[in-house]
Amino acid sequence: MAIDKKDFDLMQQGQMTDVLKKELHMLTAFQSSLGSRLTPIGDNFFGLNHRMMPGRLPMNKDVQGLTFFTRPDLNFSTDNLVSLRKFNPLLTENANSLQRIIRCYLDPDLQSGQGRFYLGSNPNAGAGRTEPIITTTLVDQNQAFIPILTNTLISLSGWPDLEVPTYTSKAGFYGEEMFFADGIFDYNRKFSLTANFRNIAGDPINALFYYWCAYQSAVFEGTLVPKMDNLAAFRIDYNTRIYQLIMDQSKTQVRGIAACGAAMPTVSPLGAKFNYDRDKPYNMASDEISMSFECVGAMYMDEILIREFNNTTVMFNPSMNGSKIESTMTKIPITALGLFNNKGYPRINESTYELEWWVFKEDYVVLKPYMDVGEGDIPAPEFEEGD
C-alpha cells in the first residue's frame, strides 16, 4: 500500500476520508513499530507491546486541583468570649477588621440570623437567649468553606496509602507458606496532615489558627462552652473536614476526590513570628506557615464524597438544593469563569463529574454585560484635568 504526497497533504488539511486516514496510520505503525496514532491508549489496553517500543502514550496531565476546608461551628457569642481575656479582640465593632472576619469564619451562625440559642459561660448573662446578628462584607455567609485557606494553600501532605492486611501461615516442612487477606482495606485510623500556607499582609493565617486552637483548649478546660445543640448531640464543634479534588487540565472535570472523616488543627505556629534577627529588616519567619491537622479516617474515590460535598454546600446555601437551584441560581459558563473568579458556590455534577460554579441570579445579571464585551469595546476612563 502506498500513499502519494497529494493524499498526504489533503490529510494534513483535514480533507482525507476516514478510510485513508486509517490506512496512513497503519502504514506508519508498520514502519515504526510505535503503534497507531489514532488509538494509542486503546491499543495498550487491548494487547501486549511485544515489540517493547515506548509507544505513543500521552502523559497524565491532571492538575493539583482544589483543597476545601469546611467551616467549624465554634461558639463565638459575646457572652462566651468575654469569659476569656485573650478572645476580647474578637469583640471589636469594626465590621471589616481581621478579628471580625475570623469570628464570622469560625462561627457561621453569627451572620446567618438563624436564631440558634447560645449557652454563654457568663453566669450573669442568662442562658438560652439569641445572639444578635454580627456581619461583615468580607465573609460570605452562604459559603460552606474557608476561602482564605484554599486560596493561600501551598501544599498539603500526609494522606495515608491504603493497604490490605494479610495473614501468612507458618512455614511447612519444605518452607512452603500461604497467605490471604486478613483485614479491611479502608483507612479508619488517625493520621496527620501537614498544610503549608502562604501568609499575606496582616498575618491572617496565624491569627485564624491561634483563635481556633485556643478555643479547642478553652472548651476542654471548661472556660468556654459550645452551643447548646452541639452539647446535646455530643458533637465536637471545632472539627473541620478537608476535601481534596484532582482536576483535569481544563480545571473543570473532577478526576479524583479524597476527604478525611474529621480534622482539627493542633499547632499554632506563632512562636516563630517573635524570633528576632537584626540582620534582616523584615520578619520572614511568617512568610510561609506550616500547620498540622490531626485527622481520622481517609476516604478516596468514593462517590458518596461527591454527594456529601454537595450537601455541605447546601447546608450553608439552601438555594443550591437541586429542587430550587434553577430558580434562584445561575451556573457560570466555562468561558466566564475568569470573570466570576472569587465568586460562586461549588457543586460537583454527580453524572458528569464537572465542577460547576453557581452564583445568585442577581449577581450574574450584574456581570453578564461584561461577558460579551471585547477588549476594544471597554471605554477608556476619563480624568479631569488638574488646575
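For the sequence shown, the numbering used here begins at 15 and goes up steadily by one. Note that CB positions come from ideal geometry on N, CA and C, so glycine has one too. All values reported here derive from a predicted model rather than from experimental measurement.
- In the DSSP assignment, Phe-199 falls outside any beta strand (DSSP E) and carries neither an H nor an E.
- Tyr-359 places its beta carbon less than 9 Å from that of Asn-156.
- DSSP, reduced to helix, strand and coil, places Pro-360 within a strand of the structure shown.
- Beyond the five residues adjoining it in sequence on each side, Leu-120 comes within less than 8 Å, by CB distance, of Arg-85, Pro-86, Leu-88, Phe-90, Leu-222, Tyr-225, Trp-226, Tyr-229 in the same chain, given in chain order.
- CA-CA distance, Arg-212 to Pro-295, rounds to 19 Å.
- Of the candidates Tyr-188, Lys-204, Ser-183, Met-242, Ser-183 places its Cα closest to the Cα of Phe-194.
- Following the DSSP letters along the chain, one finds Glu-317 in no beta strand (DSSP E), marked with neither H nor E.
- Here DSSP, grouped into helix, strand and coil, assigns Lys-265 to coil.
- Contact check for Arg-269 against Gly-61 fails: the beta carbons are separated by 9 Å or more.
- Here DSSP, grouped into helix, strand and coil, assigns Glu-235 to helix.
- Contact check between the stretch 238–247 and the stretch 197–210: fewer than three CB pairs, one atom from each, fall below 8 Å, which does not count as touching.
- Cβ-Cβ distances below 8 Å link Lys-287 to Asp-217, Asn-220, Asn-297, Ala-299, Ser-300 in the same chain, with the five nearest sequence neighbours on each side left out; the list follows chain order.
- Glu-308 sits away from Glu-364, with the two beta carbons spaced by 9 Å or more.
- Apart from sequence neighbours up to five positions away, the residues of its chain that approach Pro-122 with a beta-carbon distance below 8 Å are Arg-85, Asp-87, Gln-155, Phe-330, ordered along the chain.
- In the structure shown, Phe-90 adopts coil according to DSSP, grouped into three states.
- In the three-state scheme derived from DSSP, where H, G and I count as helix and E and B as strand, Thr-166 is classed as helix.
- Excluding the 5 residues flanking it on each side, Gln-125 has same chain C-beta neighbours closer than 6 Å at Cys-118, Thr-149, Gln-155, in chain order.
- Cβ-Cβ distances below 7 Å link Ile-320 to Ile-271, Ile-362, Glu-364 in the same chain, with the five nearest sequence neighbours on each side left out; the list follows chain order.
- Of Phe-101, Tyr-257, Leu-104, Tyr-378, the smallest CA-CA separation from Ile-160 is found for Tyr-257.
- DSSP lists Tyr-181 as the beta-bridge partner residues of Phe-194.
- Exclusion of the five residues before and after Asn-324 leaves Arg-361, Ile-362 as the residues of its chain whose Cβ lies within less than 7 Å of its Cβ.
- Boundaries of the alpha helix (DSSP H) harbouring Met-242: 242–246, taken from the DSSP string.
- The residues Val-310, Gly-311, in chain order, have a CB closer than 6 Å to that of Gly-275 in the same chain once the five nearest residues on each side in sequence are set aside.
- Counting along the chain, Val-373 sits inside no alpha helix (DSSP H); it lies in the beta strand (DSSP E) bounded by residues 369–374.
- Counting C-beta atoms within 10 angstroms of its own C-beta, Phe-234 has fewer than 16 neighbours from the protein chains shown and is therefore classed as exposed.
- Residue pairing by DSSP places Tyr-257 opposite Phe-82, Ala-273 in a beta bridge.
- In the three-state reduction of the DSSP assignment, Ala-215 falls in the coil class, being assigned neither a helical nor a strand state.
- Residues Pro-332 of the same chain have their beta carbon placed closer than 8 Å to that of Lys-338, with the five preceding and five following residues left out of the count.
- Taking every protein chain shown into account, the CB of Asn-355 has fewer than 16 other CB atoms within 10 angstroms, so this residue is exposed.
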